[in-house]
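Enquirer: Quick one: the structure is below, questions incoming.
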Amino acid sequence: MDIHLIPAFADNYIYLLRDPASGAVGVVDPGDAQPVLAELERRNWTLTHIFNTHHHNDHIGGNHALKARYGADVIGPRADVARIPDMETCLGEGETISFGSLTAHVFFVPGHTSGHIAFWFPEAKVLFSGDTLFALGCGRLFEGTPAQMWASLVKLRGLPDDTRVYCGHEYTLSNARFAVTVEPGNAALKARAAEISAQREREEPTIPSILGVEKATNPFLRADAPEVQSALGMAGADPVAVFAEIRGRKDRF
Numbered sequence: 003m004d005i006h007l008i009p010a011f012a013d014n015y016i017y018l019l020r021d022p023a024s025g026a027v028g029v030v031d032p033g034d035a036q037p038v039l040a041e042l043e044r045r046n047w048t049l050t051h052i053f054n055t056h057h058h059n060d061h062i063g064g065n066h067a068l069k070a071r072y073g074a075d076v077i078g079p080r081a082d083v084a085r086i087p088d089m090e091t092c093l094g095e096g097e098t099i100s101f102g103s104l105t106a107h108v109f110f111v112p113g114h115t116s117g118h119i120a121f122w123f124p125e126a127k128v129l130f131s132g133d134t135l136f137a138l139g140c141g142r143l144f145e146g147t148p149a150q151m152w153a154s155l156v157k158l159r160g161l162p163d164d165t166r167v168y169c170g171h172e173y174t175l176s177n178a179r180f181a182v183t184v185e186p187g188n189a190a191l192k193a194r195a196a197e198i199s200a201q202r203e204r205e206e207p208t209i210p211s212i213l214g215v216e217k218a219t220n221p222f223l224r225a226d227a228p229e230v231q232s233a234l235g236m237a238g239a240d241p242v243a244v245f246a247e248i249r250g251r252k253d254r255f
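Residue 3 is where the sequence shown starts when you use this note's numbering, and the numbers rise one by one after that.
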């Protein structure tokens, strides 16, 4: 799968996808149609699939214009059918959808919103996590509970270590600055934070991240790790409570 990052707004990423075997072309979370249209026209590609992870306008705002131009299938969470205009293919936990020669597996991952889903392409080793899992972070709990978000993150954490994670925003630098306050003794995290700082100074994207690296450094995936619990003074605590503490600290950071 060919994946191209399209920056949008202040810090969003829209992802343009192409399956070379079939010529299928998709876009993930097109909050703004214009940069997508420009890129499609530049490449002379015809859009066939529009993938939405959740209903927030900075992820779906371009749906209508893109569908009007190309007639592409608008795909998204069944739980948000009333909140995502133009959606035709509604999906939930455990379902799949074909994208050319590839297959997207759907995970229901509520927490950031009540209807959020993620798309995993096992053949391509790619996860589109929307605003559930960020590089070194996770989404704010606008509509869900800590228990829901922790369960969602544990679900995504179970994917293979070599999975490339494409998330909805370029938040990695601020996430890194926070993460080292949670787990200051994590050498891998400190090294990663330094690398991220250098990347951003060069104005390079930090996406995609690698899931195995996230498992070792992202505090939101590590609420059940003894070293994180000890660092927070919560040794042996329920991971949901530990996650809620980390999320609360990040909200105030």
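Note that beta-carbon positions come from the ideal geometry of N, C-alpha and C, so glycine has one too. A quick note: this is a predicted structure, and the numbers were derived from the prediction, not measured.
Say whether the region 111-120 touches the region 42-60, bearing in mind that this needs 3 or more beta-carbon pairs closer than 8 Å, one atom from each stretch.
Expert: The region 111-120 is in contact with the region 42-60.
Enquirer: Please state if the CB of Pro241 and the CB of Trp152 are separated by a distance shorter than 8 Å.
Expert: Yes, these two residues count as a Cβ contact at 8 Å.
Enquirer: If you follow the alpha helix (DSSP H) that Trp152 is part of, which residue opens it and which one closes it?
Expert: Start and end: Pro148 to Arg159.
Enquirer: Nearest to Ala70 by CA position, among Ala81, Val27, Asp88 and Gly78, is which residue?
Expert: For the residues Ala81, Val27, Asp88 and Gly78, the minimum Cα distance to Ala70 belongs to Asp88.
Enquirer: Less than 6 Å between C-beta atoms, sequence neighbours within five positions excluded: which residues of the same chain meet that for Gln260?
Expert: Here the chain comprises residues numbered 3 to 255, so residue 260 is not present and cannot be evaluated.
Enquirer: Less than 8 Å between the beta carbons of Gly94 and Ile86, yes or no?
Expert: It is not a contact, given that the beta carbons lie outside the stated cut-off.
Enquirer: Run the CB neighbour count on Asn177, radius 10 Å, all protein chains shown included, and call it buried at 16 or more, exposed below.
Expert: By the 10 Å Cβ count, Asn177 comes out buried.
Enquirer: Check each candidate in Gly235, Thr50, Gly214 and Asp253 and name the one with the smallest Cα separation from Ala1.
Expert: Nothing about residue 1 can be reported from this structure: the residues present for the chain run from 3 to 255 only.
Enquirer: Spatial neighbours of Ser24 within its chain, please: CB distance less than 7 Å, with the 5 preceding and 5 following residues excluded, ordered by chain position.
Expert: Around Ser24: Gly102 and Ser103.
Enquirer: Using the DSSP secondary-structure output, state which residues sit across from Thr105 in a beta bridge.
Expert: Looking at the DSSP assignment, Thr105 forms a beta bridge with Ser100.
Enquirer: Would you kindly work out how many angstroms separate the C-alpha atoms of Pro22 and Arg45, rounded to a whole number?
Expert: Using only the alpha carbons, I get a separation of about 13 Å.
Enquirer: For Phe245 and Ala218, which I take to be in contact (beta-carbon distance under 8 Å), what is that distance rounded to the nearest angstrom?
Expert: That pair is no contact at about 17 Å.
Enquirer: State the Cα-Cα distance for the pair Ala189 and Ala196, rounded to the nearest angstrom.
Expert: Those two C-alpha atoms are separated by around 11 Å.
Enquirer: Which residue's Cα is closest to the Cα of Asp133: Thr174, Glu97 and Met236?
Expert: Checked all of Thr174, Glu97 and Met236; the closest Cα to Asp133 is Thr174.
Enquirer: If you follow the alpha helix (DSSP H) that Thr91 is part of, which residue opens it and which one closes it?
Expert: From DSSP, Thr91 is part of no alpha helix (DSSP H) but of the beta strand (DSSP E) over Thr91 to Leu93.
Enquirer: Count the other CB atoms within 10 Å of the CB of Ser232; is the residue buried (16 or more) or exposed (fewer)?
Expert: That one is exposed.
Enquirer: Let me know the secondary structure DSSP gives Ser24 once reduced to three states.
Expert: In the structure shown, Ser24 sits in coil (DSSP, three-state: anything other than H, G, I, E or B).
Enquirer: What separation, rounded to the nearest whole angstrom, lies between the Cα atoms of Pro210 and Arg204?
Expert: Whole-angstrom Cα-Cα distance: 16 Å.
Enquirer: Within 10 angstroms of the Cβ of Gly238, are there 16 or more other Cβ atoms? Answer buried if so, exposed if not.
Expert: It counts as exposed.
Enquirer: CB Ile16 to CB Asp31, shorter than 8 Å?
Expert: Taking 8 Å as the Cβ cut-off, Ile16 and Asp31 qualify as a contacting pair.
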